[in-house]
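If you're matching them up, the sequences are chains L and X in order. Quick note on the numbering used here: the first sequence kicks off at 56 and runs consecutively. Quick note on the numbering used here: the second sequence kicks off at 56 and runs consecutively. Using N, Cα and C, we set each Cβ at its ideal position, and we do this for glycine too.
Number of protein chains: 2
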Amino acid sequence: MIAIDAMGGDNAPQVVVEGALNAAKQGIALTLFGDALVIKPLLDALDPLWSSLPITVDHCSQFIAMDEEPSFAVVRKKDASLVRAAHAVRQGRANALISAGNSGAVLAVSTLIIGRVSGVLRPAVGSFLPTQAGSFFCLDLGANVDCRPEFLEQFAYMGHCYVAQVKKISSPRIALLSNGHEPYKGPTLIKQVYAQLEKSQLNFIGNIEARDLVYDTVDVLVCDGFVGNVLLKTMQGMAKTMSLWIKKEAEQSLLQRIGLFIASNVFRRIKQKTDYARIGGALLLGVNNPVVLAHGSSDAYAIENAIKFTHQIVQEKRINSFNNTLVSYLNKISCRSLLMSPSSEMQQSV
Amino acid sequence: MIAIDAMGGDNAPQVVVEGALNAAKQGIALTLFGDALVIKPLLDALDPLWSSLPITVDHCSQFIAMDEEPSFAVVRKKDASLVRAAHAVRQGRANALISAGNSGAVLAVSTLIIGRVSGVLRPAVGSFLPTQAGSFFCLDLGANVDCRPEFLEQFAYMGHCYVAQVKKISSPRIALLSNGHEPYKGPTLIKQVYAQLEKSQLNFIGNIEARDLVYDTVDVLVCDGFVGNVLLKTMQGMAKTMSLWIKKEAEQSLLQRIGLFIASNVFRRIKQKTDYARIGGALLLGVNNPVVLAHGSSDAYAIENAIKFTHQIVQEKRINSFNNTLVSYLNKISCRSLLMSPSSEMQQSV
Numbered sequence: 056m057i058a059i060d061a062m063g064g065d066n067a068p069q070v071v072v073e074g075a076l077n078a079a080k081q082g083i084a085l086t087l088f089g090d091a092l093v094i095k096p097l098l099d100a101l102d103p104l105w106s107s108l109p110i111t112v113d114h115c116s117q118f119i120a121m122d123e124e125p126s127f128a129v130v131r132k133k134d135a136s137l138v139r140a141a142h143a144v145r146q147g148r149a150n151a152l153i154s155a156g157n158s159g160a161v162l163a164v165s166t167l168i169i170g171r172v173s174g175v176l177r178p179a180v181g182s183f184l185p186t187q188a189g190s191f192f193c194l195d196l197g198a199n200v201d202c203r204p205e206f207l208e209q210f211a212y213m214g215h216c217y218v219a220q221v222k223k224i225s226s227p228r229i230a231l232l233s234n235g236h237e238p239y240k241g242p243t244l245i246k247q248v249y250a251q252l253e254k255s256q257l258n259f260i261g262n263i264e265a266r267d268l269v270y271d272t273v274d275v276l277v278c279d280g281f282v283g284n285v286l287l288k289t290m291q292g293m294a295k296t297m298s299l300w301i302k303k304e305a306e307q308s309l310l311q312r313i314g315l316f317i318a319s320n321v322f323r324r325i326k327q328k329t330d331y332a333r334i335g336g337a338l339l340l341g342v343n344n345p346v347v348l349a350h351g352s353s354d355a356y357a358i359e360n361a362i363k364f365t366h367q368i369v370q371e372k373r374i375n376s377f378n379n380t381l382v383s384y385l386n387k388i389s390c391r392s393l394l395m396s397p398s399s400e401m402q403q404s405v
Numbered sequence: 056m057i058a059i060d061a062m063g064g065d066n067a068p069q070v071v072v073e074g075a076l077n078a079a080k081q082g083i084a085l086t087l088f089g090d091a092l093v094i095k096p097l098l099d100a101l102d103p104l105w106s107s108l109p110i111t112v113d114h115c116s117q118f119i120a121m122d123e124e125p126s127f128a129v130v131r132k133k134d135a136s137l138v139r140a141a142h143a144v145r146q147g148r149a150n151a152l153i154s155a156g157n158s159g160a161v162l163a164v165s166t167l168i169i170g171r172v173s174g175v176l177r178p179a180v181g182s183f184l185p186t187q188a189g190s191f192f193c194l195d196l197g198a199n200v201d202c203r204p205e206f207l208e209q210f211a212y213m214g215h216c217y218v219a220q221v222k223k224i225s226s227p228r229i230a231l232l233s234n235g236h237e238p239y240k241g242p243t244l245i246k247q248v249y250a251q252l253e254k255s256q257l258n259f260i261g262n263i264e265a266r267d268l269v270y271d272t273v274d275v276l277v278c279d280g281f282v283g284n285v286l287l288k289t290m291q292g293m294a295k296t297m298s299l300w301i302k303k304e305a306e307q308s309l310l311q312r313i314g315l316f317i318a319s320n321v322f323r324r325i326k327q328k329t330d331y332a333r334i335g336g337a338l339l340l341g342v343n344n345p346v347v348l349a350h351g352s353s354d355a356y357a358i359e360n361a362i363k364f365t366h367q368i369v370q371e372k373r374i375n376s377f378n379n380t381l382v383s384y385l386n387k388i389s390c391r392s393l394l395m396s397p398s399s400e401m402q403q404s405v
């Protein structure tokens with residue numbers, strides 16, 4: 056069963072309920088956590104026979120708003136839909152958690168309730184982002200806005216393990232997002248991570264600039280959550296800007312409108328590539344169970360896709376295998392750093 | 056006269072010489088700093104009568120490569136084209152400096168040789184970036200990758216003064232780039248700057264996410280140079296990606312190719328909007344004289360545009376007026392901060 060925070064998202068609970076119902080009709084077992092007095096009438100209106108589907112409602116008297124300060128809200132609101140859904144995962148009643156709500160709060164419940172994988176300093180949000188001919192896996196996309204070098208070093212290992220497993224590449228090419236390819240480029244944080252990754256066993260190919268990502272030379276892109284979020288949202292924004300420009304330009308002449316109408320399939324397919332609703336959601340890596348963050352502005356179709364994506368991950372036991380591999384890698388790094396600098400480690404423990 | 060670092064850029068000196076020659080033909084007085092043994096034959100080949108144009112060559116025996124460590128190179132290579140061009144500006148022989156070379160080195164000569172405006176902590180690179188129907192002025196685009204809150208606070212004042220002057224807006228809307236509009240969003244740096252700007256006399260409208268920039272709600276976008284560089288290069292990369300997608304999709308059917316051919320004017324005009332060669336270059340604000348950074352990958356046309364842009368700035372005495380206004384604003388802030396926290400200021404000076 057997948058636990059869904061029905062109250063999370065800009066258009067919740069309506070679109071969450073609708074998306075969940077559509078997924079349940081495809082046989083995916085779900086529980087909607089939220090205000091039953093609102094959710095049940097929505098289900099009734101959408102499908103009077105919904106109770107025959109693998110969907111249940113777990114009533115919660117509270118919810119966390121999009122603009123609430125996350126950690127405070129999570130600690131205070133014990134009966135919030137997101138908190139209760141996370142407990143269902145923690146207790147093994149649910150296999151995964153999905154929320155389109157306050158992403159800071161999703162991160163907080165994932166860390167505080169579901170729990171981090173042993174050795175993981177900070178969970179990271181990762182997703183495949185489109186390029187000219189394929190995609191790269193980018194992390195962190197927003198979970199950690201203030202990072203230390205060792206967080207990014209771990210993100211590189213997470214990206215390595217995830218892409219190796221999902222894309223079946225033995226040695227994914229790992230790059231650091233920077234403002235130039237030269238090793239001396241970037242803020243202090245990036246230079247420190249560069250030095251660490253250069254010494255690692257990973258297939259680290261150095262720094263890459265955002266404009267060169269298009270050329271499919273990278274499998275995993277490592278950055279802090281603030282920069283990753285800017286990257287993701289600039290991609291979304293630029294795709295939107297260009298489609299608005301095309302529309303506006305087309306208005307200038309009938310001939311151009313005819314031309315674009317004839318070629319409209321081209322734009323339909325491109326829209327699909329940049330349509331984040333199709334991707335469904337981003338994964339939170341480094342926690343004990345699958346957690347998927349859907350977009351705050353998700354519509355019912357996006358929620359349905361996020362559920363199908365999560366269902367696939369659960370079916371494949373993707374997170375179990377990933378976590379096992381990650382733990383063995385993290386153990387190797389910590390052994391190596393103990394071996395390499397016994398004196399400094401001893402000093403620290405004194 | 057405008058001083059040009061003829062040896063800076065991926066395709067220097069060929070494209071720089073060609074672009075400069077084209078600008079000189081339009082009556083703009085220029086000096087090319089660089090290896091005369093290479094530059095003069097290039098000029099001869101392009102136009103045997105070049106000596107009748109307002110263009111001169113100032114021989115330099117050294118140059119700074121794109122991948123050299125900037126501050127070290129600037130200090131060590133006294134006869135580098137960039138260093139000599141900067142001295143020409145410092146000594147009043149030139150009105151402005153243009154380079155498509157190592158941007159870190161351009162920043163170093165601007166600070167060390169041309170000099171900062173009184174009270175400016177860090178110069179910043181700024182440029183107008185396109186939106187749905189207009190543009191916003193973004194700074195810093197890459198000069199300062201490690202920032203303190205007071206740097207970004209000053210960037211907000213620089214952006215205010217520049218946009219007020221150039222766009223003739225009395226109170227430009229100023230926003231901070233963040234991962235959410237809420238005041239608690241963003242890394243510590245952004246939260247600290249938010250608190251400062253909220254107290255300021257500027258028209259500070261809060262945080263903005265990169266994907267919302269398209270809607271023309273912001274006149275000045277403030278960010279650190281690393282994040283600004285990622286924003287700029289993601290915009291460039293995404294425009295490139297989308298145009299490659301359109302080309303590839305069009306190959307799938309003859310009908311689509313016909314449609315796109317009919318509508319080709321649409322794409323020509325959109326290409327112009329995202330064509331950074333047309334913009335010419337970015338301005339370094341906060342230094343005593345106009346300094347323009349052209350793109351490293353500039354072609355002759357981009358260099359010509361950068362020269363025309365710089366010429367316009369010199370003609371308008373844009374930087375003189377801007378610097379005067381900026382100084383009076385910075386004086387006001389420093390007076391205010393002295394008045395507001397006399398004890399902490401005294402503690403610092405002890």
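Subject >> Distance, residue 234 (chain L) Cα to residue 353 (chain X) Cα >> reply: 17 Å
Subject >> Min CB distance residue 178 (chain X) to chain L below 8 Å >> reply: no
Subject >> Backbone secondary structure at residue 383 (chain L) - three-state DSSP >> reply: helix
Original post:
Does the distance from the C-beta atom of residue 258 (chain L) to that of residue 241 (chain L) stay below 8 Å?
Top reply: no
Subject >> Strand pairing of residue 110 (chain X), partner residues [DSSP] >> reply: X:85
Original post:
Would residue 402 (chain L) be called buried (16 or more neighbouring beta carbons within 10 Å of its own) or exposed?
Top reply: Residue placement at residue 402 (chain L) is flagged as unreliable, the pLDDT there being 41, under the threshold of 50; a coordinate-derived value is accordingly withheld.
Original post:
Looking only at its own chain, which residues have a Cβ that is under 6 Å from the Cβ of residue 51 (chain L), when we skip the five neighbours before and after it?
Top reply: Lying outside 56 to 405, the shown extent of chain L, residue 51 (chain L) is not represented and no answer is given.
Subject >> Run of the beta strand (DSSP E) containing residue 259 (chain L), from where it starts to where it stops >> reply: 259-263
Original post:
Residue range of the alpha helix (DSSP H) that residue 218 (chain X) falls in?
Top reply: 204-221
Original post:
Leaving out the 5 sequence neighbours to the left and right, which residues in its chain are closer than 6 Å to residue 89 (chain X) when beta-carbon positions are compared?
Top reply: 61, 62, 68, 115 and 136
**OP:** Within the region 233-319 of chain L, note down every full alpha helix (DSSP H) run reaching 4 residues or more, in order along the chain.
**Re:** 243-254, 280-305 and 309-317
**OP:** Whole angstroms is fine: what's the gap from residue 461 (chain X)'s alpha carbon to residue 188 (chain L)'s?
**Re:** Residue 461 (chain X) lies beyond the residue range present for chain X, which begins at 56 and ends at 405; the question has no answer from this structure.
**OP:** Would you tell me roughly how many angstroms separate the C-alpha atoms of residue 272 (chain X) and residue 125 (chain L), rounded to the nearest one?
**Re:** 27 Å
Original post:
If you measure from the CB of residue 199 (chain X), is any heavy atom of the ligand PLP nearer than 7 Å?
Top reply: For the structure depicted, the ligand PLP is absent and the ligand set is empty, with no information on it obtainable.
Original post:
Are the C-beta of residue 167 (chain X) and some C-beta of chain L separated by less than 8 Å?
Top reply: no
Original post:
Counting pairs of Cβ atoms below 8 Å between the region 267-286 of chain L and the region 195-213 of chain L, do you hit three or more?
Top reply: yes
Original post:
Whose Cβ in chain L lies nearer than 7 Å to the Cβ of residue 65 (chain X)?
Top reply: Correct list: empty, because the minimum Cβ distance to chain L is about 12 Å.
Original post:
Could one say the Cβ of residue 359 (chain L) lies closer than 8 Å to chain X's Cβ atoms, at least one of them?
Top reply: no
Original post:
What in chain L is Cβ-close to residue 239 (chain X), meaning under 7 Å?
Top reply: 124
Subject >> Beta-carbon spacing of residue 345 (chain X), residue 58 (chain X) below 8 Å >> reply: no
**OP:** Assign residue 349 (chain L) to one of three DSSP states: helix, strand, or coil.
**Re:** coil
Original post:
When burial is assigned at 16 or more other CB atoms within 10 Å of the CB, is residue 127 (chain L) buried or exposed?
Top reply: exposed
Subject >> Close beta carbons around residue 405 (chain X), own chain, < 8 Å, minus the five adjacent residues each side >> reply: Bear in mind that a pLDDT of 34 at residue 405 (chain X), under 50, signals an unreliable position, so the number given afterwards is only what the model happens to contain. Nothing meets the Cβ criterion.
Original post:
Mapping DSSP to helix, strand and coil, what is residue 185 (chain L)?
Top reply: strand
Subject >> As assigned by DSSP and simplified to three states, the class of residue 64 (chain X) >> reply: coil
Original post:
Under a three-way DSSP split, which group does residue 198 (chain X) fall into?
Top reply: coil
**OP:** For residue 325 (chain L), decide whether its Cβ has a neighbour in chain X, counting only Cβ atoms nearer than 8 Å.
**Re:** yes
Subject >> 8 Å Cβ cutoff, residue 281 (chain L) in contact with chain X >> reply: yes
**OP:** Go to residue 337 (chain X), then tell me how far its beta strand (DSSP E) extends in each direction, as first and last residue.
**Re:** 337-340
Subject >> 8 Å contact criterion, which residue 232 (chain L) and residue 285 (chain X) should meet: CB distance rounded >> reply: 7 Å
**OP:** Tell me where the beta strand (DSSP E) around residue 153 (chain L) begins and ends.
**Re:** 151-154
**OP:** For residue 103 (chain X), count neighbouring Cβ atoms within 10 angstroms of its own Cβ and tell me buried if that reaches 16, exposed if not.
**Re:** exposed
Original post:
Across which residues does DSSP place residue 171 (chain L) in a beta bridge pair?
Top reply: L:342
Original post:
Straight-line CA distance for residue 307 (chain X) to residue 299 (chain X)?
Top reply: 13 Å
**OP:** Measuring only between beta-carbons, confirm whether residue 309 (chain X) sits less than 8 Å from chain L.
**Re:** no
Subject >> Alpha-carbon to alpha-carbon, residue 386 (chain L) and residue 139 (chain X) >> reply: 54 Å
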